[in-house]
Structures are given as C-alpha cells and as structure tokens.
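Count the sequence shown with UniProt numbering and you get residues 1 to 267, in order.
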Amino acid sequence: MLLIALYAFVAIFAPLIAPYPEAGIAGARYLPWAAPHWLGTDALGRDVLSRLIYGARNTVGIALLTTILAFVLGATLGLLAATLGGWFDTFSARLVDVLMAIPSLIFALLILTISGTSAMALVLVIAVLDSTRVYRLSRAVAQDILTMDYIEVARMRGEGLGWIVRREVLPNAGAPLTAEFGLRFCFVFLFISALSFLGLGLQPPTADWGSMVRESAKLIAFANFASWQAATFGLAPLLPAGAIALLTVAVNLVVDWILHLSSGLKE
Numbered sequence: 001m002l003l004i005a006l007y008a009f010v011a012i013f014a015p016l017i018a019p020y021p022e023a024g025i026a027g028a029r030y031l032p033w034a035a036p037h038w039l040g041t042d043a044l045g046r047d048v049l050s051r052l053i054y055g056a057r058n059t060v061g062i063a064l065l066t067t068i069l070a071f072v073l074g075a076t077l078g079l080l081a082a083t084l085g086g087w088f089d090t091f092s093a094r095l096v097d098v099l100m101a102i103p104s105l106i107f108a109l110l111i112l113t114i115s116g117t118s119a120m121a122l123v124l125v126i127a128v129l130d131s132t133r134v135y136r137l138s139r140a141v142a143q144d145i146l147t148m149d150y151i152e153v154a155r156m157r158g159e160g161l162g163w164i165v166r167r168e169v170l171p172n173a174g175a176p177l178t179a180e181f182g183l184r185f186c187f188v189f190l191f192i193s194a195l196s197f198l199g200l201g202l203q204p205p206t207a208d209w210g211s212m213v214r215e216s217a218k219l220i221a222f223a224n225f226a227s228w229q230a231a232t233f234g235l236a237p238l239l240p241a242g243a244i245a246l247l248t249v250a251v252n253l254v255v256d257w258i259l260h261l262s263s264g265l266k267e
C-alpha cells in the first residue's frame, strides 16, 4: 500500500517533482548518471528521471482510467444479464464469447492500426476488450447471489429490480469485484506498456514507460561494464521496466490481502 501511495503521489505531483519538462531538451545526448541528470539523458538529450516521473502520470493514469471504464461497462452488463436473464442474457453472453475468442493483443493492434493511436482510442479499445472478463465474473457472482433466500424474500416484499441490485447484489459482490479490479488494473497496465513497446501505445513526445523501454533497449549492446559510466547504458531499459514490475507486484499483494480478508480466513 505504501508503494501504491508513492506511485500515486509521484503521478499527481509530477510537474512539481520532475526537475525538467517532460519533453524538454535538458542537455547533450546520452549523458552519464551524474548531477544534475541523476539518471542521465536519452537519445534526444531529455532528462531520464523527469521522463520516468511523468511516465507515472501518463502510464498509470491511462491504465486507471481504462480499468474504471472497463469495470463500469463489464459489471453493469454482467449484473443486468444475471438479473434480467432471458434474451438479454443470451445475447450479451454470445457477444462476449465472440470478443473473447479473438486474441486481445492482435485485436487491439488491428483496431488501433485502423483508428489511429490516440490516447482516447487506446482507452476505448482496451476498455471494451477487458470489460468482457469483468462481465463474466460479475455475471457469475450475481447468479450465485440471486439464488439466495434473502433475494426471494426481497422479491416477495415487492422490491424492484434496481433495489435488489443496489441493496442486495452489489454489497455481497463487493469483495470479489474489488479484487478483480486490482487484477484488471495490472493486466491493463501491462497491456498498455506492451502496446507502447510495439509503438501503438502512447505516442512521442509523451513519456511512457513501455516506449522508454523500447527506446533504450538498443543501448544494452553498447554497455561496457568495465566502466560505471558506460555500464549505465545497459541499465537504462531496466529503469522503466522495473517501475512497471514494482507497481504490478504491489497491486497484486494488495489484491491478495483483500481476498484474504474477504474470505474470512484467519492466520
């Protein structure tokens, strides 16, 4: 939780923390790790530390927005399908099956190639693809809850559909959906980074950790580990990759903790 809070703090206050502008030329190309460029500069002379800080705002912010949109779309359709049943349940389930049958990465590459690689297109495409997983989980959880006796009692009292979903289904589905939100965020976060690495994610000059790995990966071949300054070239792609990995591990640990609490198990 402290790691997630640190990432959130850096993302929110990036303009105040970063020593240089996001896309500003701060010095010569490929400067070593030394003051005032503590993590050196890239191929265009931009400060790597500043771009890492701004990358937290761009990469994590886009991933969070996409996950929220995917959850709103998938959970709403899943709860409605389980509650209404009938033709709506059948139609939505078959539509989700079709979308899930297509490999997500290939489908995203195809759509983004056609529609363009703007941030809005990236968010919408990944949100729609990821909402199918949320739909399946929310529908299955809601179907289990709707078979309980207290649901029948609520229906016999004359409660409406909205009241049942809001007061009975959602509170009891909160724990698994919260855990799924954390997992979905990790998958979306890694998916956006993968698309950026392939050149179809956030576009330059926007700082993004996936594209930073791609831009600095070629420097590994020029690293000379006999000299510390030359060795930093080999470490350059590990910085954004490590930032991606560390946040993913932190979110997964929090998700495991939530599942442990919601399961009622004791140490």
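Idealized CB from N, CA, C, for every residue including glycine.
- Take residue 123, set aside five residues on each side of it, and the residues of its chain with a beta-carbon closer than 8 Å to its own are 62, 65, 66, 69, in chain order.
- Beta-bridge partners assigned by DSSP to residue 37: 34.
- Excluding sequence positions up to five before and after residue 25, its CB lies within less than 6 Å of the CB of 45, all in the same chain and listed in chain order.
- Per DSSP, reduced to three states, the secondary structure at residue 42 is coil, with no helix or strand assignment.
- Annotated three-state conformation of residue 68 is helix, per DSSP.
- A contact between stretches requires three or more CB pairs, one per stretch, nearer than 8 Å, and the region 123-132 fails this requirement with the region 155-164.
- For residue 47, the three-state secondary structure derived from DSSP is strand.
- Taking every protein chain shown into account, the CB of residue 1 has fewer than 16 other CB atoms within 10 angstroms, so this residue is exposed.
- Residue environment for residue 41: buried (at least 16 other C-beta atoms within 10 angstroms of its C-beta).
- In this structure, the beta-carbon distance from residue 20 to residue 77 does not fall below 7 Å.
- For residue 195, the closest alpha carbon among the candidates 116, 94, 83 is that of 116.
- Note: residue 25 is bridge-paired with 46 in the DSSP secondary-structure output.
- The region 205-219 and the region 165-183 do not touch, with fewer than three beta-carbon pairs separated by less than 8 Å.
- Contiguous beta strand (DSSP E) elements confined to the region 63-149 do not occur, taking only those with 3 or more residues.
- For residue 142, the closest C-alpha among the options 193, 170, 260, 29 is that of 170.
- Contact annotation: the region 50-61 touches the region 6-19, with at least three C-beta pairs closer than 8 Å.
- Closest in C-alpha terms to residue 99, from the list 114, 74, 80, 81, comes 74.
- Only residues of its own chain outside the window of five on either side were considered, and among them 81 have a CB closer than 6 Å to the CB of residue 89, listed in chain order.
- Around the Cβ of residue 165, a 10 Å sphere holds 16 or more other Cβ atoms; the residue is buried.
- Rounded to whole angstroms, the Cβ separation of residue 237 and residue 219 is 7 Å, and the two are in contact under 8 Å.
- A direct Cα-to-Cα measurement between residue 187 and residue 241 gives close to 15 Å.
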